[in-house]
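Mapping of the sequence shown onto UniProt numbering: residues 1 to 140, in sequence order. C-beta: ideal position from N, C-alpha, C; glycine also. Every value quoted in this text rests on a predicted model; they were computed, and no experiment measured them. Each remark here refers to the structure printed beneath this line.
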Amino acid sequence: MTAPYAGGCRCGAVRFEASAEPHHVSYCHCGDCRRASGAPVSAFVGFLVDQVAFTGKALKMYENGPVTRSFCGTCGSPIAYVDERLEEDIYFMLGAMDMPADFQPTLHAYIGEQLAFLHMSDDLPRHLKSSVKRPDGTVP
Ligand SMILES: [Zn+2]
Ligand SMILES: [Zn+2]
């Protein structure tokens, strides 16, 4: 696989393209992602914000503390999130990518919130909370 990588929502009103390689692919088991996605576990593909371009006018935002999640205002598909503590990054829902099979997660985050009935038999690193350090050195 090589850049650019495209993606979009279920109805096609939101489209995006990333011009470089992702720097991060992970599962997230946190309750906030679970609410936002409706799925027992989420997966994200991280790029640098300035390597990403959106097209279409349907993108909506929902701000919750430091995290702003985006979704399609027409079909409701979750698209991405940004975290003001990681201002250079944007994390797309893996399922929003056109070629999701190209983005194999490399770790699990927030396994402290993982649903007990969910079993994923891989040997990837498992982080109790976030896997990404904030600029102030903390890991929320
Ligand atoms: Zn849509
Ligand atoms: Zn999460």
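Among the options, nearest to residue i - alpha-carbon criterion
i: E113; options: R35, T2, N64, P4; result: R35
i: V49; options: V41, S19, R10; result: S19
i: C28; options: D102, F92, A101; result: F92
i: V25; options: E84, F117, A80; result: A80
i: residue 163; options: V45, S70, N64; result: The requested residue 163 is not part of the displayed model; the chain covers only 1 to 140.
i: S42; options: A3, P78, P125; result: P78
i: P22; options: F103, R126, A116; result: F103
i: K60; options: D32, L118, A13; result: A13
i: A101; options: F44, Y62, P125; result: F44
Residues that DSSP places opposite residue i in a beta bridge
i: V41; result: The partner list for V41 (beta bridge, DSSP) is empty, contrary to what the question assumes.
i: V67; result: N64, D83
i: A109; result: C28
i: C72; result: L59
i: E17; result: A6, A53
For residue i, the three-state DSSP class (helix, strand or coil)
i: G95; result: helix
i: D89; result: strand
i: P78; result: strand
i: R126; result: strand
i: C9; result: coil
i: A101; result: helix
i: R34; result: helix
i: V132; result: coil
i: F47; result: strand
Problem - Three CB pairs or more closer than 8 Å across the stretch 100-108 and the stretch 116-131 - result: yes
Practice task
Check each residue's C-beta against every heavy atom of ligand 1 and list, in chain order, those closer than 6 Å.
Solution key: C9, R10, C11, A13, V14, A58, C72, T74, C75, S77
Exercise for the section: List in chain order the residues whose CB is within less than 5 Å of at least one heavy atom of ligand 2. Expected result: C28, C30, C33
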